[in-house]
Amino acid sequence: MSENVMMALEMMGQGMLGIFVVLGVIALLVVLLQKLDGKKKK
Amino acid sequence: MGFEFLWEGLLSITPQQVVMYVVGALLIWLAIEKGFEPALLMPMGFGAILVNLPLSGVINQVSAGVGETHGIIQWLFEVGIEASEAMPILLFIGIGAMIDFGPLLANPKLFLCGAAAQAGIFLTILIAAGLGFDIKDAASIGIIGAADGPTSILVSQTLKSNYVGAIAVAAYSYMALVPIIQPFAIKLVTTKKDRAMRMPYQPKGVTRRMRIMFPIIVTAIAGLVAPSSVALVGFLMFGNLIRECGVLTTLSNTAQNDLANLITLLLGITISFSMKADQFVQPQTLMIMGLGLVAFVLDSVVGVLFVKVLNLVTPKNKINPMVGAAGISAFPMSARVIEKLGQEADSQNHLLMHAIAANVSGQIASVVAGGVVLQYFANLG
Numbered sequence: 001m002s003e004n005v006m007m008a009l010e011m012m013g014q015g016m017l018g019i020f021v022v023l024g025v026i027a028l029l030v031v032l033l034q035k036l037d038g039k040k041k042k
Numbered sequence: 001m002g003f004e005f006l007w008e009g010l011l012s013i014t015p016q017q018v019v020m021y022v023v024g025a026l027l028i029w030l031a032i033e034k035g036f037e038p039a040l041l042m043p044m045g046f047g048a049i050l051v052n053l054p055l056s057g058v059i060n061q062v063s064a065g066v067g068e069t070h071g072i073i074q075w076l077f078e079v080g081i082e083a084s085e086a087m088p089i090l091l092f093i094g095i096g097a098m099i100d101f102g103p104l105l106a107n108p109k110l111f112l113c114g115a116a117a118q119a120g121i122f123l124t125i126l127i128a129a130g131l132g133f134d135i136k137d138a139a140s141i142g143i144i145g146a147a148d149g150p151t152s153i154l155v156s157q158t159l160k161s162n163y164v165g166a167i168a169v170a171a172y173s174y175m176a177l178v179p180i181i182q183p184f185a186i187k188l189v190t191t192k193k194d195r196a197m198r199m200p201y202q203p204k205g206v207t208r209r210m211r212i213m214f215p216i217i218v219t220a221i222a223g224l225v226a227p228s229s230v231a232l233v234g235f236l237m238f239g240n241l242i243r244e245c246g247v248l249t250t251l252s253n254t255a256q257n258d259l260a261n262l263i264t265l266l267l268g269i270t271i272s273f274s275m276k277a278d279q280f281v282q283p284q285t286l287m288i289m290g291l292g293l294v295a296f297v298l299d300s301v302v303g304v305l306f307v308k309v310l311n312l313v314t315p316k317n318k319i320n321p322m323v324g325a326a327g328i329s330a331f332p333m334s335a336r337v338i339e340k341l342g343q344e345a346d347s348q349n350h351l352l353m354h355a356i357a358a359n360v361s362g363q364i365a366s367v368v369a370g371g372v373v374l375q376y377f378a379n380l381g
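Note that the protein sequences, when read in sequence, are chains A and B.
Using the numbering used here, the first residue of the first sequence is number 1, and each one after it goes up by one.
Using the numbering used here, the first residue of the second sequence is number 1, and each one after it goes up by one.
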């Protein structure tokens, strides 16, 4: 396999992992903040 | 006395420049007659004609007796895009100020749809690399799948791609064609039963504190994981903070309207500098147009398949698989497509708010995708 294709595969692995980590952590923090806000209201 | 000067320009037109006049006229026609992204395609089409006139005064020229003269479109390109990517980045302030993240904050699970739908970018990079494009050009072509014009321009320009013009044309053309491309792609991987799946909408109140903290959290996390995304994500979220803080209403309105319109007005005609005949009229341009279409189709297909898998893993509160396809950043066209397809399958099926949530998640994910691609090359050194 050419070097370019290997780099593209590596970019895909790192890229998708990076995107899921960023969006996943943001989603978790949003859930956490919602719970905190819910407790305060009660 | 010679009159050659009258037809000197006409005689120096090259066949490639004639092709660009046709491309320019086609873009203007698509913008005006078909309503395809007119704010961008019309200036780009007119600019394509302007920069390809022989000895055009809108680009720098060196002539005997006069020396070097500076052209306005070249200057705008060098200052506004090449030197700092200021134009696409500033446009993000306006985009951020336009977006209401409320539906997404009410259903955080849909963040994952935005992430999954970016897979088309990386699959297209892989295909482009396999077709023999240089890795930086392949990455720039793949970013068309971000379905986000400013991100495509910024990444391709930062990576010094040889195909900035073709990439910008493809990105904006396919964004305009989302209502045609996405139904085709979605129907490839869904049944009528899938499309008819209802999702109850329970609007949850999102507190002001949450709305204010959200852009700060997004910027901090994206910045820590992919520092190269800070300019993109940061300006998008800066615009959103102006909107949500509640004390900058005038600035928010200015960002949403005046700033966004002004930058859009200049961005189209400025990017036409990269549509000079010698750069644009080549076989690779056709390949880029084809790969851009592939990227949009793959985004949609992977988005749908991801939700199908997610529904198997978390059978409680299932998501309509089509909502996964709204994870691309083409906002709000993609969300409208999902609503329409849902109602075609079941006239009482309302998916709009869920699709909008996935769609705004795609807006964040696409700028993060641009950032992680730039980060990859930054890490290579």
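Heads up, the beta-carbon is just placed ideally off N, CA and C, and yes, glycines get one too.
- For I135/B and T124/B, the gap between their C-alpha atoms comes out near 12 Å.
- Apart from the 5 residues on each side of it in sequence, V164/B sits with its Cβ closer than 6 Å to the Cβ of S156, Q157, S274 in its chain, given in chain order.
- The CB of Q118/B comes closer than 8 Å to the CB of G15, M16, I19 in chain A, given here in chain order.
- For V66/B, no alpha helix (DSSP H) segment is defined, and its DSSP state is neither H nor E.
- Residue environment analysis places S252/B among the buried positions, since at least 16 neighbouring C-beta atoms fall within 10 angstroms of its C-beta.
- Contact of S156/B with chain A is not assigned, every C-beta pair being separated by 9 Å or more.
- L241/B sits away from P283/B, with the two beta carbons spaced by 9 Å or more.
- In this structure, the straight-line span from the alpha carbon of G324/B to that of F306/B is close to 7 Å.
- Counted as a single uninterrupted DSSP element, the alpha helix (DSSP H) harbouring H354/B occupies residues 352-380.
- Counting C-beta atoms within 10 angstroms of its own C-beta, I93/B has 16 or more neighbours from the protein chains shown and is therefore classed as buried.
- Close to P108/B, with beta-carbon spacing below 7 Å, are these residues of chain A in chain order: A27, V30, V31.
- With fewer than three CB-CB distances shorter than 8 Å, the segment 63-77 of chain B does not count as touching the segment 245-265 of chain B.
- For M333/B, not one C-beta of chain A is nearer than 9 Å to its own C-beta.
- Taking 9 Å as the upper bound on Cβ-Cβ separation, chain A lies near residues G130, G132, F133, D134, I135, A138, A139, G142 of the segment 130-155 of chain B.
- Contact between S329/B and A146/B holds, with the beta-carbon distance rounding to 6 Å and staying under 8 Å.
- A distance below 9 Å separates the beta carbons of M322/B and R195/B.
- Exposed is the label assigned to I180/B, since fewer than 16 other Cβ atoms lie within 10 Å of its Cβ.
- Residues of chain A whose Cβ lies closer than 7 Å to the Cβ of G292/B do not exist, since the nearest Cβ in that chain is about 16 Å away.
- Residue environment: V18/B is assigned as exposed (fewer than 16 neighbouring CB atoms within 10 Å of its CB, all protein chains considered).
- The segment 91-131 of chain B contains, as complete alpha helix (DSSP H) runs of 4+ residues, the segments 102-106, 111-116, 119-130 (chain order).
- It is roughly 47 Å from the alpha-carbon of G102/B to the alpha-carbon of N60/B.
- Counting along the chain, no alpha helix (DSSP H) covers R198/B, and no H or E run does either.
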